[in-house]
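Report on the following structure.
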Amino acid sequence: MGLFGSKSKKVSAARMITGSVRFPGDKSISHRYAMLAALAEGPSELHYYSASADCASTLACLAKLGVKIERKEDVVTIHGTGLAGLRAPNGNLDAGNSGSTMRMLSGILAGQPFRSVIAGDASLSRRPMKRVVEPLARMGARVTTSEGGLPPITFEGGPDTRLQPIRYELPVASAQVKTAVLFAGLFAEGATEVVEPLRTRDHTEIALEQMGAEIGRHSKTIRVQGRPRLAGQKVYVPGDLSSAAFFIAAGLLVPGSNLVMQNVGLNPTRTAILDVLVSMGGRVKILNVETISGELLGDLHVETSRLAGGEIPAEFVPGLIDELPVLAVLGTQAEQGISFRGAAELRVKESDRLAAVAENLRRMGAEVEEFPDGLRVPGNQKLRAAEIDSHGDHRIAMAFAVAGLVAEGTTIIQHPACVEISFPGFFELLEQVAE
Ligand code: S3P
Numbered sequence: 004m005g006l007f008g009s010k011s012k013k014v015s016a017a018r019m020i021t022g023s024v025r026f027p028g029d030k031s032i033s034h035r036y037a038m039l040a041a042l043a044e045g046p047s048e049l050h051y052y053s054a055s056a057d058c059a060s061t062l063a064c065l066a067k068l069g070v071k072i073e074r075k076e077d078v079v080t081i082h083g084t085g086l087a088g089l090r091a092p093n094g095n096l097d098a099g100n101s102g103s104t105m106r107m108l109s110g111i112l113a114g115q116p117f118r119s120v121i122a123g124d125a126s127l128s129r130r131p132m133k134r135v136v137e138p139l140a141r142m143g144a145r146v147t148t149s150e151g152g153l154p155p156i157t158f159e160g161g162p163d164t165r166l167q168p169i170r171y172e173l174p175v176a177s178a179q180v181k182t183a184v185l186f187a188g189l190f191a192e193g194a195t196e197v198v199e200p201l202r203t204r205d206h207t208e209i210a211l212e213q214m215g216a217e218i219g220r221h222s223k224t225i226r227v228q229g230r231p232r233l234a235g236q237k238v239y240v241p242g243d244l245s246s247a248a249f250f251i252a253a254g255l256l257v258p259g260s261n262l263v264m265q266n267v268g269l270n271p272t273r274t275a276i277l278d279v280l281v282s283m284g285g286r287v288k289i290l291n292v293e294t295i296s297g298e299l300l301g302d303l304h305v306e307t308s309r310l311a312g313g314e315i316p317a318e319f320v321p322g323l324i325d326e327l328p329v330l331a332v333l334g335t336q337a338e339q340g341i342s343f344r345g346a347a348e349l350r351v352k353e354s355d356r357l358a359a360v361a362e363n364l365r366r367m368g369a370e371v372e373e374f375p376d377g378l379r380v381p382g383n384q385k386l387r388a389a390e391i392d393s394h395g396d397h398r399i400a401m402a403f404a405v406a407g408l409v410a411e412g413t414t415i416i417q418h419p420a421c422v423e424i425s426f427p428g429f430f431e432l433l434e435q436v437a438e
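Numbering-wise, the working numbering comes out as the position in the sequence shown, counting from 1, plus 3.
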């Protein structure tokens, strides 16, 4: 009998995690290439395009903007319209659960000579959008949100839409906001600059370069030249390290584990999770590193490890923001536990992830201290099976599936379908490697 029930997602303690696996294409990279390919001249072939529901939301929005898209398994072909070729959508654009779709596409919608409205599901409708609307308005976009800076976002574009380049210092370290401003900069005459307080993922900069934009990077300033001619490309998307993180954690925690993960994205702005785990004693080896489509990727080999744990420095937080829920789970099994501050952003993700992690750890009988901007999880704690409320948040569901692998009894993950937001097939793949 497997570890998982057929109808509800039940997770029992595993004896070991073994085998060799591949993950769906990186979600962050897929969104960016889909959007840029739409603005390019000629077709782009995106291989290993993310299977996630979020990246499907991006494709659906682009299709509504008049972009022809074909999808055969994990190859997406996008017939670019050129910088001036998008069409006014018929009705609202639906970003679904995807903050990336709403925020990054906003940069493109800001530059269009037509009106558009982008909306999302209940969770996305609670997430802050002032952070993108503010710089876009400064660039000359006529853009409004619902009350309190919440979605939907409305762009009153018309034939007179003109964006001016700006130099923008990001108030929050957000790759999504950086991307929105750089994308809007493509429609402005001259050079747009973004200054980051802390380095965030640089997939946008790499994708812009690959598609032929003129882009400069000096320390924490990124500059893009407006009105480029983007050229359609053949792109290979690496496996998603943020999805791999759940399997890395499982491999480190479950006794007797030995797991190989192939073709995982290793962009240095995303690998803080590996640095932290290795510094805590995690046996994670990186093999066969290469660069494809401007992105580093390689294979990971993980073995069960005794983890020291410790404090994650605040400057690491933007680099592993999506991995913090699973790191908190991992902290319960480390010698000194795990603590982190400077992560207030987690309160405005798909759910309030600090509250959701604390609540579910307590359900499993663990001790945890919650701060406005972080958590302190003491180490060497025994977890007992519980009913987990994922709050419809994919990363909470997956983090606590990992907790279930090392808990006593059978853990039940409620609303397990939410994993499709980033990682369809998560439970099936976990079942395949867990014994
Ligand atoms: C993302 C950036 C991060 C991350 C999100 C994806 C991206 O959000 O949490 O899952 O693709 O740029 P912020 O940039 O808003 O922190």
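Cβ atoms here follow ideal geometry from the backbone N, Cα and C, with glycine treated the same way.
The ligand S3P heavy atom lying under 7 angstroms from the CB of residue i
i, result
"S440", "As shown, the chain starts at 4 and ends at 438. That puts residue 440 outside it, with no answer to give."
"I225", "no"
"A247", "no"
"A389", "no"
"I324", "yes"
"E137", "no"
"S296", "no"
"H397", "no"
"A331", "no"
"T203", "yes"
"H394", "no"
"S177", "yes"
"S31", "yes"
"H221", "no"
"E348", "yes"
"T182", "yes"
"H34", "yes"
Cβ-based burial, residue i [other Cβ within 10 Å; buried from 16]
i, result
"D97", "buried"
"A125", "exposed"
"R273", "buried"
"D396", "buried"
"T414", "buried"
"K35", "Sequence inspection shows Arg at residue 35; the Lys mentioned does not correspond to that position. Per the 10 Å Cβ criterion, buried."
"V292", "exposed"
"K133", "exposed"
"H221", "exposed"
"P168", "buried"
"S11", "exposed"
"G8", "Unreliable positioning characterises G8 in this predicted model, as indicated by a pLDDT of 41, which lies under 50. The coordinate reading is nonetheless provided below. Answer is exposed; the Cβ neighbour count stays below 16."
"F426", "buried"
"E208", "buried"
"N383", "exposed"
"G85", "exposed"
"G5", "With a pLDDT of 41 at G5, under the threshold of 50, the predicted position of this residue should be treated as unreliable, and no value is reported."
"G143", "buried"
"A465", "Any question about residue 465 goes unanswered here, given that the chain covers just 4 to 438."
"G285", "buried"
"A275", "buried"
Distance between beta carbons of residue j and residue i, contact taken as under 8 angstroms
i, j, result
"A176", "P375", "17 angstroms between Cβ atoms; not a contact."
"L199", "G297", "Going by the sequence as given, residue 199 is Glu instead of Leu. Not really, about 19 angstroms apart at Cβ, beyond 8 angstroms."
"E438", "R18", "5 angstroms"
"S342", "V380", "7 angstroms"
"G312", "Q339", "4 angstroms"
"P131", "G152", "6 angstroms"
"I391", "R350", "Going by Cβ atoms, the distance from I391 to R350 rounds to 19 angstroms, so no, they are not a contact pair."
"S119", "F158", "5 angstroms"
"I251", "V287", "7 angstroms"
"G443", "I315", "The structure shown has nothing for residue 443, since the chain only spans 4 to 438."
Proximity test, residue i beta-carbon vs the ligand HEM heavy atom, cut-off 7 angstroms
i, result
"V320", "The model depicted lacks the ligand HEM and carries the ligand S3P instead."
C-beta neighbour in chain D for residue i, strict 8 angstroms
i, result
"Q435", "In summary, chain D is missing from the structure at hand, where a single protein chain is found."
Touching or not, the stretch 99-119 and the stretch 181-193, by the rule of three or more beta carbon pairs under 8 angstroms? yes
Counting beta carbon pairs with one atom in the stretch 155-164 and one in the stretch 174-185, are three or more of them shorter than 8 angstroms? no
For the 8 angstroms Cβ check, are there 3 or more pairs between the stretch 324-331 and the stretch 402-409? yes
Give a yes or no on contact between the stretch 15-33 and the stretch 237-255, applying the rule of three or more CB pairs nearer than 8 angstroms. Cβ pair count under 8 angstroms is three or more, so yes.
How do the stretch 228-242 and the stretch 44-56 stand: do at least 3 beta-carbon pairs fall below 8 angstroms, yes or no? yes
Three or more C-beta pairs under 8 angstroms: does that hold for the stretch 55-72 against the stretch 278-292? no
Count the CB pairs spanning the stretch 253-267 and the stretch 213-232 that are closer than 8 angstroms, and state whether there are at least three. Flag = no, the stretch 253-267 and the stretch 213-232 do not touch.
How do the stretch 343-353 and the stretch 303-310 stand: do at least 3 beta-carbon pairs fall below 8 angstroms, yes or no? no
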